[in-house]
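Undergrad: Take this structure first; my questions come after.
In this note's numbering, the protein residues as written are 2 to 639.
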């Protein structure tokens, strides 16, 4: 490979003897290029070594001095190879499908596009304005020469990501005829009060008190006909800014967009609107899009609105879409919205896979505001989707976030799992909530009520969950001690109180549970076996049919060696007492599986005696005991 500092052809030809290279067969050179392409690291983290560290990484550390953040980079730059190699590279059409040239030299851009020949293109034109109070018709909306060149090839584009302010010039350049090549289309539009795209053609005129509202016009809509489009994502952004006098501007026409996507399978809609004084009211374009997509299989709607839309009024005169092929529906909403009427309108009969998330937008946690009221509303509106008649497995997680934030409360139900240990995988990652491929998930992303109060939503959820008696497999990841962390809103929580509410109103109804999977992290110096204590017999014992207990024990270096030994011994003792008491009350546990990891070999040796004693006692009380723990190697299987 040519050194980085030799950038010019002259330099390359002078310092490198290319005679041997010229003698190589073209197929051999193609194999070399292909090997280089597949060997490049993806964007992320890497243990840097040698030349690769000099070429691909930034100089600052990322979390630790040994881990470096990888830049997004092309696998080869044309200026880094000699003329002969360059000619071979440009004569390799089979490799062009995997190369993305983010070339800075605008003069080279048309040449690069022309060399693609008839191959498919993935085009990304994004504009992000740092000032949300932009004027939508100022000079900065004019197309650059690079954008103009790329748009000339739109009819060959396989995918298009278009991120822009509400620019009529850019929108009207979309193909007006049949757009047969496009398979994936992403549209991001930031707009202000006067420029509501999709809601009918509008004219923006000089901003005067007499002309503050843009009049509607009757010009024909801009029709986007993509008969082979498979996925479409649309993101509307209108951030909250102070109202200030704006300078007069020229008249500007905003075309109405009309989408025709008969083969669409995936639709994602994201809306951010921070202006409650002028809320969105017309969602006709969204309903029309669903009507025009009869083959839709995956629908995702994510809303971050600073007001509560009147869905009943917006949908009153609309005809519900017929989505007979819908397989997965995702609804995300902030703390001030309620989408229950929209869900009922879209699918009166729930699809196989559902996800409802409160307090997230595109999977990221957002400020929740009136959390207690909204938690109870989510439980009331969507709790009945859990534990459908075909669902016999349920997961509950109250795991606190690793960044010190409050615990997420996650409930997910699915049909019976062939291997119950696989249920936990999506729910252990603190910030990435998994979506069951065939089931229902409720995510309360901000359990932010004060200590000892505000958990009425758990009772409401228990009242709404149907068929709880049918649950046979249960996964529990509950906090092992009281957590009094502070949320952004400054309100503390007490997970112990919430755990008791879940026990009282939800778990006690699940009398058919036969397999229970518990997560027991040993990561605090005050670890208590509170989760195990939930299984101790009482007047109306929990899980009377429990037969198999699976425990994931994750043992890490926290505290002194004596504290670790005492914590582990205390947990094994609580396990033994619980199993013995259940056996004396006719609720025998027949199988015990111990999963998880040891952080290091040294820690395993340090705790060997205490662990062996506890394991031996468990074997004396349970018919079948298997210890499946392993040393931590960077990937945790729970």
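We put the CB at the ideal spot given by N, CA and C, even for glycine. Bear in mind that the values here come from a model prediction, so they are computed numbers and not experimental data.
Under the rule that 16 or more other beta-carbon atoms within 10 Å means buried, what is residue 609, buried or exposed?
TA: Counting from one through the chain shown, the residue named residue 609 turns up at place 608. So residue 609 ends up on the exposed side.
Undergrad: Do the stretch 584-596 and the stretch 560-570 meet, that is, are 3 or more Cβ pairs less than 8 Å apart?
TA: Verdict: no, contact absent.
Undergrad: So if DSSP puts residue 270 in a beta bridge, which residue, or which two residues, is it bridged to?
TA: Here residue 270 refers to the residue found at position 269 of the chain shown. According to DSSP, which records beta bridges pairwise, residue 270 is partnered with 235 and 302.
Undergrad: Just the C-alpha distance for residue 324 and residue 298, rounded to the nearest angstrom, thanks.
TA: Indexing the chain shown from 1 puts residue 324 at position 323. Indexing the chain shown from 1 puts residue 298 at position 297. Approximately 8 Å between the Cα atoms of the pair.
Undergrad: Where does residue 606 sit, in a helix, a strand or coil, going by DSSP?
TA: Numbered from its first residue, the chain shown carries residue 606 at position 605. The answer is helix: DSSP assigns residue 606 an H, G or I state.
Undergrad: So the candidates are 327, 586 and 521; which of them puts its Cα closest to the Cα of residue 555?
TA: By one-based count along the chain shown, residue 555 stands at place 554. Nearest C-alpha to residue 555: 521.
Undergrad: On a CA-only basis, which of 191, 275 and 187 is nearest residue 1? Give me that one, please.
TA: The structure shown has nothing for residue 1, since the chain only spans 2 to 639.
Undergrad: Determine, using beta carbons only, whether residue 151 and residue 183 come nearer to each other than 8 Å.
TA: What you label residue 151 is simply residue 150 of the chain shown in a count that begins at 1. What you label residue 183 is simply residue 182 of the chain shown in a count that begins at 1. Cβ distance not < 8 Å, so residue 151 and residue 183 don't count as in contact.
Undergrad: Expressed to the nearest angstrom, what Euclidean distance is found between the alpha-carbon atoms of residue 260 and residue 277?
TA: Your numbering for residue 260 matches position 259 in the chain shown. Your numbering for residue 277 matches position 276 in the chain shown. Computed Cα separation, rounded: 28 Å.
Undergrad: Nearest-angstrom Cα distance between residue 209 and residue 311?
TA: Counted from its first residue, the chain shown places residue 209 at position 208. Counted from its first residue, the chain shown places residue 311 at position 310. A caution first: residue 209 carries a pLDDT of 49, below 50, which makes its placement in the model too unreliable to give a value.
Undergrad: Can you give me the C-alpha to C-alpha distance between residue 626 and residue 414, rounded to a whole angstrom?
TA: Translated into positions along the chain shown, residue 626 becomes position 625. Translated into positions along the chain shown, residue 414 becomes position 413. Rounded to the nearest angstrom, the two C-alpha atoms are 27 Å apart.
Undergrad: Does the Cβ-Cβ distance between residue 322 and residue 292 come in under 8 Å?
TA: Here residue 322 corresponds to residue number 321 of the chain shown, with the count starting at 1. Here residue 292 corresponds to residue number 291 of the chain shown, with the count starting at 1. Yes, they are a contact pair.
Undergrad: Answer yes or no: do residue 543 and residue 519 have a C-beta to C-beta separation smaller than 8 Å?
TA: By 1-based counting over the chain shown, the position of residue 543 is 542. By 1-based counting over the chain shown, the position of residue 519 is 518. Contact: no.
Undergrad: Quick check: residue 273 and residue 305, are their CB atoms within less than 8 Å of each other?
TA: Counting from 1 along the chain shown, the entry for residue 273 is found at position 272. Counting from 1 along the chain shown, the entry for residue 305 is found at position 304. Contact flag set, yes.
Undergrad: Tell me, to the nearest whole angstrom, how far the beta carbon of residue 411 is from that of residue 376; I am working on the premise that it is less than 8 Å.
TA: Within the chain shown, the letter at position 410 stands for residue 411. Within the chain shown, the letter at position 375 stands for residue 376. Contact flag wrong, Cβ pair sits at about 13 Å.
Undergrad: Tell me residue 683's beta-bridge partners as DSSP assigns them.
TA: Since the first residue of the chain shown is 2 and the last is 639, residue 683 is not available in this structure.
Undergrad: Are there 16 or more other CB atoms within 10 angstroms of the CB of residue 280, so buried, or fewer, so exposed?
TA: Along the chain shown, one-based indexing puts residue 280 at 279. It counts as exposed.
Undergrad: Determine the burial state of residue 441: buried for a count of at least 16 other Cβ atoms within 10 Å of its Cβ, exposed for fewer.
TA: Here residue 441 is taken as the residue at index 440 of the chain shown, counted from 1. Buried, by the Cβ-count rule.
Undergrad: Name the one or two DSSP bridge partners that residue 357 has.
TA: Numbered from 1 along the chain shown, position 356 holds the residue referred to as residue 357. Paired residues: 332 and 443.
Undergrad: Tell me the DSSP secondary structure of residue 534 in three-state form.
TA: Sequence index remark: in the chain shown, residue 534 carries index 533 (1-based). Here residue 534 sits in helix by DSSP.
Undergrad: Between the Cα of residue 467 and those of 477, 511, 446 and 504, spot the shortest distance and give me the residue it belongs to.
TA: As a working mapping, residue 467 is identified with position 466 in the chain shown. For residue 467, the nearest C-alpha among the options comes from 511.
Undergrad: Measuring alpha carbon to alpha carbon, tell me which of 506, 476 and 575 ends up nearest residue 549.
TA: Along the chain shown, read from residue 1 onward, the residue named residue 549 stands at position 548. Minimum Cα distance to residue 549 is reached at 476.
Undergrad: Please work out which residues of its chain come closer than 8 Å, Cβ to Cβ, to residue 620, disregarding the five sequence neighbours upstream and downstream, and give them in chain order.
TA: For the purposes of this step, residue 620 is taken as the residue at position 619 of the chain shown. Cβ within range, chain order: 626.
Undergrad: Just checking my contact of residue 328 with residue 352 at CB under 8 Å: how many whole Å lie between their CB atoms?
TA: The residue labelled residue 328 in the question sits at position 327 within the chain shown. The residue labelled residue 352 in the question sits at position 351 within the chain shown. Their Cβ separation, rounded to whole angstroms, is 6 Å, which keeps residue 328 and residue 352 in contact under 8 Å.
Undergrad: So, is residue 506 buried or exposed, given that buried needs 16 or more other C-beta atoms within 10 angstroms?
TA: Working through the chain shown from its first residue, we reach residue 506 at position 505. Its Cβ being crowded by 16 or more others within 10 Å, residue 506 is buried.
Undergrad: I need the straight-line Cα distance from residue 270 to residue 391, nearest angstrom please.
TA: If you number the chain shown from 1, residue 270 lands on position 269. If you number the chain shown from 1, residue 391 lands on position 390. Their Cα atoms are separated by approximately 29 Å.
Undergrad: Buried or exposed: residue 303, going by 16 or more other Cβ atoms within 10 Å of its Cβ?
TA: The residue you call residue 303 lines up with position 302 of the chain shown. Answer is buried; the Cβ neighbour count reaches 16.
Undergrad: Secondary structure at residue 466, three-state DSSP: helix, strand or coil?
TA: The count along the chain shown starts at 1 and reaches residue 466 at position 465. Note: residue 466 maps to coil in three-state DSSP.
Undergrad: Measuring alpha carbon to alpha carbon, tell me which residue in 289, 538 and 382 is nearest residue 345.
TA: Taking the first residue of the chain shown as 1, we reach residue 345 at position 344. Comparing Cα-Cα distances from residue 345 to each of 289, 538 and 382, the minimum goes to 382.
Undergrad: Roughly how far, in whole angstroms, is the beta-carbon of residue 479 from the beta-carbon of residue 576, given that I think they are within contact range, below 8 Å?
TA: Position 478 of the chain shown, counted from the start, is the residue given in the question as residue 479. Position 575 of the chain shown, counted from the start, is the residue given in the question as residue 576. Not a contact, Cβ separation roughly 16 Å.
Undergrad: Mind checking which residues open and close the beta strand (DSSP E) that includes residue 424?
TA: Taking the first residue of the chain shown as position 1, residue 424 is located at position 423. It is not in any beta strand (DSSP E) - residue 424 carries neither H nor E in the DSSP assignment.
Undergrad: Please name the residue, chosen from 285, 465 and 319, that lies closest to residue 388 on a Cα-to-Cα basis.
TA: Working through the chain shown from its first residue, we reach residue 388 at position 387. Looking at the Cα atoms, 465 is the closest of the given residues.
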